[in-house]
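Participant: Mind looking over this structure? Questions follow.
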Amino acid sequence: MRLVCISDTHARHRQLRVPDGDVLLHAGDLSRRGAPEDVRDFDGWLGGLAHPHKIVIAGNHDFCFERNPQARDWITNATYLQDEAVEIEGVRFYGSPWQARFFDWAFNLDRGAPLREVWRKIPPETDVLLTHGPPLGVLDRTSRGQRVGCEDLLAAVERVRPKVHVFGHIHESAGRLERGGTIFVNACSCDLHYRASQPPVVVDLHL
């Protein structure tokens, strides 16, 4: 199964060149600040892509999904996941939009118990994990050199051991690495200056 991974497109999705694949994954921040017109344009763009399956989660910029439960209905050309799972051709995906508190953005939770409770929901049989923020120490370094990933998410990944973990949020750490049997992908499409200059990451999943 070929996974095509993008994230943090911030309404610049039409500037991307997206390769073909079996499943398109978007790890949040599809909009600038959650405006309905951004979401609907994004959904229209998704409808023009040939991938048989598409999965989307929200990110900290996507306020509408946190404030208005009906906003998920605006995504008609993909499966929207919010602390939910879906199975595609025997592959089990789980998606969650939460991340460690970052000013007063959407889907923020305090580190410690609040985030641990969220990550406990990740099913142990998850093959592909989709979160907005990164785990601690994995493609999570800011331009100032700080590691800002979530320690409790890292513990959850070590517990579940997914084949692939896709996330975004930290634009300047886009990339891919493999550790402990998991392929980690920071799929940020926009760079630190919000230019859609970072290409999608393709992962060929073999179970």
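Numbering of the sequence shown is given in our numbering, commencing with residue 5 and proceeding in unit increments.
Backbone N, C-alpha and C fix where the C-beta goes; we use that ideal spot for every residue, glycine too.
Do Val-132 and Leu-211 have their CB atoms nearer than 8 Å?
Facilitator: On the sequence shown, residue 132 is found 128 positions in, with the first residue counted as 1. On the sequence shown, residue 211 is found 207 positions in, with the first residue counted as 1. For Val-132 and Leu-211, no; Cβs fall outside 8 Å.
Participant: Give the straight-line distance between the Cα atoms of Ala-110 and Gly-137, rounded to the nearest whole angstrom.
Facilitator: Translated into positions along the sequence shown, residue 110 becomes position 106. Translated into positions along the sequence shown, residue 137 becomes position 133. When rounded, the distance between both Cα atoms is 12 Å.
Participant: What's the C-alpha gap between Arg-18 and Trp-49?
Facilitator: Locating residue 18 in the sequence shown gives position 14, where the first residue counts as 1. Locating residue 49 in the sequence shown gives position 45, where the first residue counts as 1. Each residue's alpha carbon lies about 7 Å from the other.
Participant: Report yes or no: do the region 158–166 and the region 86–93 share at least 3 C-beta pairs separated by less than 8 Å?
Facilitator: Taking 8 Å as the limit for Cβ pairs, the verdict is that the region 86–93 does not touch the region 158–166.
Participant: Just to confirm my understanding: we take Phe-46, look at its own chain, exclude 5 residues before and 5 after, and list those with CB closer than 6 Å. What are they?
Facilitator: Taking the sequence shown and counting its residues from 1, the one referred to as residue 46 is at position 42. Correct list, in chain order: His-17 and Leu-34.
Participant: May I have the straight-line CA-CA distance separating Ile-174 from Arg-148, to the nearest angstrom?
Facilitator: Residue numbering aside, residue 174 sits at position 170 when the sequence shown is read from its first letter. Residue numbering aside, residue 148 sits at position 144 when the sequence shown is read from its first letter. Distance between the alpha carbons of Ile-174 and Arg-148: 12 Å.
Participant: So, helix, strand or coil for Arg-18, using DSSP?
Facilitator: As a first step, residue 18 is located in the sequence shown; it is residue number 14 there, counting from the start. Arg-18 falls in the helix class under three-state DSSP.
Participant: Determine the closest residue to Thr-83 out of Val-207, Ala-31, Thr-186 and Phe-188, with distance taken between C-alpha atoms.
Facilitator: For the purposes of this step, residue 83 is identified with residue 79 of the sequence shown, where counting begins at 1. Selected option, being the one with the closest Cα: Ala-31.
Participant: Ends of the alpha helix (DSSP H) at Asp-47?
Facilitator: The residue given as residue 47 occupies position 43 in the sequence shown. Per DSSP, Asp-47 belongs to the alpha helix (DSSP H) from 40–51.
Participant: If you measure between the beta carbons of Ser-193 and Ile-10, is that distance less than 8 Å?
Facilitator: Here residue 193 corresponds to residue number 189 of the sequence shown, with the count starting at 1. Here residue 10 corresponds to residue number 6 of the sequence shown, with the count starting at 1. A contact, by the Cβ cut-off of 8 Å.
Participant: Does DSSP classify Val-60 as helix, strand or coil?
Facilitator: Position 56 of the sequence shown, counting from 1, holds the residue named residue 60. Note: Val-60 maps to strand in three-state DSSP.
Participant: Buried or exposed for Gln-103, going by 16 or more other Cβ atoms inside 10 Å?
Facilitator: For the purposes of this step, residue 103 is identified with residue 99 of the sequence shown, where counting begins at 1. Its Cβ being crowded by 16 or more others within 10 Å, Gln-103 is buried.
Participant: Grab me the residues of Arg-6's own chain with a C-beta within less than 7 Å of its C-beta, minus the 5 sequence neighbours each way, in chain order.
Facilitator: Against the sequence shown, residue 6 aligns to sequence position 2. Hits under 7 Å: Gly-25, Asp-26, Val-206 and Asp-208.
Participant: Counting C-beta neighbours from all protein chains within 10 Å, is the total for Lys-125 16 or more, i.e. buried, or is it exposed?
Facilitator: The count along the sequence shown starts at 1 and reaches residue 125 at position 121. By the neighbour-count rule (16 or more Cβ atoms within 10 Å), Lys-125 is not buried but exposed.
Participant: Confirm, please, whether the CB-CB distance from Ala-75 to Val-43 is below 8 Å.
Facilitator: Numbered from its first residue, the sequence shown carries residue 43 at position 39. Numbered from its first residue, the sequence shown carries residue 75 at position 71. In contact: Val-43 and Ala-75 (Cβ atoms closer than 8 Å).
Participant: Residue ranges of each alpha helix (DSSP H) run of no fewer than 4 residues wholly in the region 71–125, ordered along the chain?
Facilitator: Qualifying alpha helix (DSSP H) stretches, in chain order: 117–123.
Participant: For the beta strand (DSSP E) that contains Val-152, what are its first and last residues?
Facilitator: Along the sequence shown, read from residue 1 onward, the residue named residue 152 stands at position 148. Segment: none, Val-152 is in no beta strand (DSSP E) and carries neither H nor E.
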